[in-house]
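Following: one structure in structure tokens, then a few remarks.
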Amino acid sequence: MIKRIRKAWAAKRKASGKAATTFNAQLLDRNREEIHAVLHRIGMTR
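Numbers -15 to 30, taken from the numbering used here, label the letters of the sequence shown in order.
Written out as structure tokens, the structure is:
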């Protein structure tokens, strides 16, 4: 679970340095959804 969040942060940092393609944007959206699901599961978000 923590590894997944760290991977998402690393991907976000890499994409911010260059123009993100639609493929990268889709991956970031999926990672963001997974992080939200994890935070929701542990009760930090609705």
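Where is the CB? At the ideal position from N, CA and C, for every residue including glycine.
Linking V22 to L11 through their CA atoms gives a straight-line distance of about 17 Å. In terms of Cβ geometry, I(-11) and I19 form a close pair [threshold 7 Å]. The three-state reading of DSSP puts I26 in coil, since its state is none of H, G, I, E or B. For the 7 Å CB-CB criterion, A(-6) and N15 do not form a contact.
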